[in-house]
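Top to bottom, those sequences are chains A and B. The numbering of the first sequence is the numbering used here, which starts it at 130 and goes up by one. The numbering of the second sequence is the numbering used here, which starts it at 6 and goes up by one. Just so you know, even glycine gets a beta-carbon here, dropped at the ideal spot from N, CA and C.
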Amino acid sequence: MSVHTEHREPLIRLAKRDDIPRAQAWAIRAAAILLALVTGGLIIAVLGHNPIQVYASMVEGSLGKSRVLRETVKKAIPLLGAAVAIAPAFKMKFWNIGAEGQILAGGIAASYFALFWADSLPRPVLLVVMAVAGILAGGVWGLIPAVFKARWGTNETLFTLMLNYIVLGFVRYLQAGPWGPDLNANGYPKIPMFDSAALLPKALGVHIGWIIVLAVTALMFGYLKYSKQGYEIAVVGESVRTAQYAGMNVSHIIRRTMFLSGGIAGLVGFLQVSGASGTLTENTAGGIGFTAITVAWLAKLNPFVMIAIAALLAILEKGADTIQTLYTIPASAADMLTGIVLFFMLGCEFFISYRLIVRGKGERTHE
Amino acid sequence: MSNLFSIAFVMAAVAAGAPLLFGTLGEILTEKSGNLNLGVEGMMYMGGVAGLAGAYYYEQMAGPAASGVTAAVIATVCAFLCAAFGALLYSVLTITLRANQNVTGLALTIFGTGFGNLVGEAMGNAAGGFVAVSQSTKSVFNGGIPVLQDLPVVGKLLFSYNYLVYLAVLVAVVLSLFLNHSRLGLNLRSVGENPGTADAAGINVTAYRYLATCIGGGISGLGGMYIVMAQQQGVWVHNCIAGKGWIAVALVIFATWSPARALAGSLVFGGLSVLRLYMNWGGNRLAPIYDIVPYIATVVVLIAVSIRQRRESQPPANLGNAYFREER
């Protein structure tokens, strides 16, 4: 940095926006989604299809009839639940990318009771026991990396990532050995379907997981915004030193928050095995834990906004099933479109936080 | 054949370890710049499908005159460029547009997985079933160095692999020298350790991060191409990378960010992944347990590194943190 040289104003410079009207922020986000769909449309066009037709079929195939709408809701439930689970951890800047494993841990614990206790417990008790077991197992699985992070500063991103694959391997082991093998049509080992007593009842045609997840979403909003613990999480996330200076027990807060985060993910695991698929499989989590991270982040960790984003991604996923049958576009198009939407939405946040000032236009005052 | 102490086992371990080594070396280079790119899996898909597409469409255009070596070169270049493009998307979002690294990396994995499967299957649909490369291209990826590979014992042990295995070892050596014995490598490490200091010393943090991430992504992508071209003989299989990109991320930790240790680590992880074929303990029932050994080993290393706090084996101090000069 040379001193006293005359600097030319750069072509584009940045200025942080202090506050942006809400409407404008949402307009930028809507434009980003639109641009993402246009980009995805170009790729669809390259594959030799009419993008507008394809998109119309996707909407039709995910929202058009009540039957497909129920399928879409079923896909959105775990996505929203896992995103809500991740919210407190991310607010604390504890990068929990282990929701995938925490879902499976909860699923395993719930499945244990569904498989071996279905005869000896009355149905309501069985379902509650399964839910509690799922929450505890997911919570403990989330607690492990938190203990090491709090004590030795072990990198939590990498730790939680590894735990995903350990529990996934354990599910495969259960499937091939102790809890299997009930051969499915293709001859692969699988865990038997649950007794009907261990299945969640339905409301409006979808398992009642949707009510539970919506309730958890509302509770999490209140917890993060109005409770003392939620405030502590926010302070630790902003500055660990401030929290220590204020007399907070940071290690304890980290452990407690991760138990909560893992516990909610474990509850989602219970909903998956008891509500969605009726048994435990290696696809019980199926990438939901990872996609949920992007849902939570794009919603700026606001649980209510997560509902909209989870719904959007569920529509893309269900819609892609439809276009596979209609146009023989591989269903993997859903992943790619999801990726493109995520890229654009991640990128657009920059234009919400900063504004670009082109050379010569000078400093504008706030609109 | 199925003996743990056989040449065949070592060869299988090397063959299984090579794609992991590419993924790991690329990610080491990326992480040394302070960028934690969790998109390795996605970039391996992108590299894999681009390599296949490059070789396949070259053969279609050249017709019977197509040479296997040219196809392999084109595949390698395409794989590198496509995966590097994925890393470029990540770089633009995280470095220029300041998006969160974890989330962007996961988005890249989601995108790359979809892109790879979509393009791979669409190519198959267009060709009426599935794409396959010619015999001469396959033989390049089957490998072996002429003459030398016929030597007893050492021939098979050292000279029987395809060119990608030797390329991976070469990349490891070059990367090790670059990071530890060159001025540019020192600058790069300083960017990952403390970008503020590096910036004050006149190092262009943005340029280093962009280049390290994109080149690293390209290297990771070669691992994907190895899986598609060598292990699957030039046929696209749905979800073929199957988590190997995540094992590569684990291996970076296991190797404590050292290319030399990554060389040994990839052999260990490669060996573990084929172990069940050479052992009779528990048969198929215990196979999933063998599969999680690498992850448990990685967790142990991760914990040990954080407890012992040895300076040489720490993650880059600013791994995962964005650097904005004005928000220091």
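Contact with chain B by residue i, beta-carbon distance below 8 Å
{"i": "Y456(A)", "result": "no"}
{"i": "S131(A)", "result": "Residue confidence is low: S131(A) scores 45 on pLDDT, short of 50, so the model does not pin down where it sits. No coordinate-derived value is stated."}
{"i": "W308(A)", "result": "no"}
{"i": "N541(A)", "result": "Not covered by the structure: residue 541(A). The range shown for chain A is 130 to 496."}
{"i": "S240(A)", "result": "no"}
{"i": "T494(A)", "result": "A caution first: T494(A) carries a pLDDT of 46, below 50, which makes its placement in the model unreliable, though a value can still be read off. Not an interface residue."}
{"i": "A279(A)", "result": "no"}
{"i": "F245(A)", "result": "no"}
{"i": "E361(A)", "result": "no"}
{"i": "N284(A)", "result": "yes"}
{"i": "P459(A)", "result": "yes"}
{"i": "I469(A)", "result": "yes"}
Own chain residues within Cβ distance below 6 Å of residue i, not counting five before or after
{"i": "A205(A)", "result": "A439, A440 and A443"}
{"i": "A165(A)", "result": "I469, V470 and F473"}
{"i": "S318(B)", "result": "T261 and V310"}
{"i": "G250(B)", "result": "G28, V45, E46 and M49"}
{"i": "F259(B)", "result": "G270, T303 and V306"}
{"i": "H336(A)", "result": "L329 and G404"}
{"i": "S380(A)", "result": "A279"}
{"i": "K222(A)", "result": "G366"}
Residue i Cβ short of 7 Å to the ligand PLP heavy atom set
{"i": "V254(A)", "result": "Among the components of this structure there are no ligands whatsoever, and the ligand PLP is therefore not found."}
CB of residue i within 8 Å of CB of residue j, strictly
{"i": "T423(A)", "j": "L113(B)", "result": "no"}
{"i": "A347(A)", "j": "A212(A)", "result": "no"}
{"i": "L193(B)", "j": "A217(B)", "result": "yes"}
{"i": "I295(A)", "j": "W308(A)", "result": "no"}
{"i": "N326(B)", "j": "N199(B)", "result": "no"}
{"i": "F27(B)", "j": "A173(B)", "result": "yes"}
{"i": "A414(A)", "j": "I237(A)", "result": "no"}
{"i": "M51(B)", "j": "G228(B)", "result": "no"}
{"i": "G47(B)", "j": "G223(B)", "result": "no"}
{"i": "L329(A)", "j": "S249(A)", "result": "no"}
{"i": "A234(A)", "j": "W281(A)", "result": "no"}
{"i": "A445(A)", "j": "A463(A)", "result": "Here residue 445(A) turns out to be Leu, not Ala, going by the sequence shown. It is a contact, given that the beta carbons lie within the stated cut-off."}
Neighbour flag for residue i against chain A, beta carbons, 8 Å
{"i": "M6(B)", "result": "Note on M6(B): pLDDT 44, under 50, position unreliable in the model; no value is reported."}
{"i": "P320(B)", "result": "yes"}
{"i": "I204(B)", "result": "Sequence inspection shows Asp at residue 204(B); the Ile mentioned does not correspond to that position. Output row for D204(B): interface = no."}
{"i": "A247(B)", "result": "no"}
{"i": "G68(B)", "result": "no"}
{"i": "T118(B)", "result": "yes"}
{"i": "V196(B)", "result": "no"}
{"i": "I220(B)", "result": "no"}
{"i": "A253(B)", "result": "no"}
{"i": "A21(B)", "result": "no"}
{"i": "N147(B)", "result": "no"}
{"i": "E36(B)", "result": "no"}
Cut-off 8 Å between Cβ atoms - residues of its own chain near residue i, not counting five sequence neighbours on either side
{"i": "A160(A)", "result": "C477"}
{"i": "S141(B)", "result": "A71, S72, G73 and A76"}
{"i": "G230(A)", "result": "W270, T289, L292, N293, Y294, I295, V296, L297, A414 and G418"}
{"i": "A104(B)", "result": "L98"}
Residues near residue i by beta carbon distance below 7 Å, same chain, minus five either side
{"i": "A235(B)", "result": "F146, N167 and L169"}
{"i": "A218(A)", "result": "N225, T386, M387 and S390"}
{"i": "A255(B)", "result": "P299, Y300 and T303"}
{"i": "A292(B)", "result": "R281"}
Chain D within 8 Å of residue i, Cβ atoms only
{"i": "M291(A)", "result": "Included in the structure are the protein chains A and B, with no chain D among them."}
Count Cβ pairs between the region 47-59 of chain B and the region 71-86 of chain B that sit closer than 8 Å; are there 3 or more? yes
Taking 8 Å as the threshold, find out whether the region 467-474 of chain A comes into contact with the region 374-389 of chain A through three or more Cβ pairs. no
Are the region 263-282 of chain A and the region 323-331 of chain A touching by the rule of at least three beta carbon pairs closer than 8 Å? no
Determine contact between the region 38-50 of chain B and the region 85-99 of chain B, defined as no fewer than three beta-carbon pairs at a distance below 8 Å. yes
Output the residue ranges of the alpha helix (DSSP H) runs that lie fully inside the region 130-193 of chain A and measure 4 residues or longer, sorted by chain position. 151-175 and 180-192
Segments of 4+ residues assigned as alpha helix (DSSP H) that fall wholly inside the region 116-182 of chain B: 140-147 and 159-164
Within the region 281-331 of chain B, ranges of the alpha helix (DSSP H) (whole runs, at least 4 residues): 292-313
Flag this pair as touching only if the region 17-24 of chain B and the region 274-285 of chain B have three or more C-beta atom pairs under 8 Å; answer yes or no. yes
Are the region 169-182 of chain A and the region 398-411 of chain A touching, with three or more C-beta to C-beta distances below 8 Å? no
Is the region 187-196 of chain A in contact with the region 446-465 of chain A, if contact means three or more CB pairs nearer than 8 Å? yes
Would you check if the region 477-488 of chain A and the region 143-152 of chain A touch, i.e. whether three or more CB-CB distances between them fall below 8 Å? yes
I want to know whether the region 229-247 of chain B touches the region 302-312 of chain B - three or more CB-CB distances under 8 Å. no
Quick one: which unbroken alpha helix (DSSP H) runs of 4-plus residues sit fully inside the region 326-395 of chain A? Chain order, please. 338-355, 357-367 and 369-374
Tell me whether the region 257-268 of chain B and the region 178-185 of chain B touch, counting them as touching only if at least three CB pairs, one residue from each stretch, are closer than 8 Å. yes
4 or more residues per run - each alpha helix (DSSP H) lying fully within the region 400-461 of chain A: 417-427 and 432-456
Do the region 238-256 of chain A and the region 351-359 of chain A touch if we need at least three Cβ pairs shorter than 8 Å? no
Could you tell me which whole alpha helix (DSSP H) segments of length 4 or greater appear in the region 184-225 of chain B? 188-198 and 200-205
My parser needs the alpha helix (DSSP H) runs of 4 or more residues fully inside the region 66-118 of chain B; what are they? 73-96
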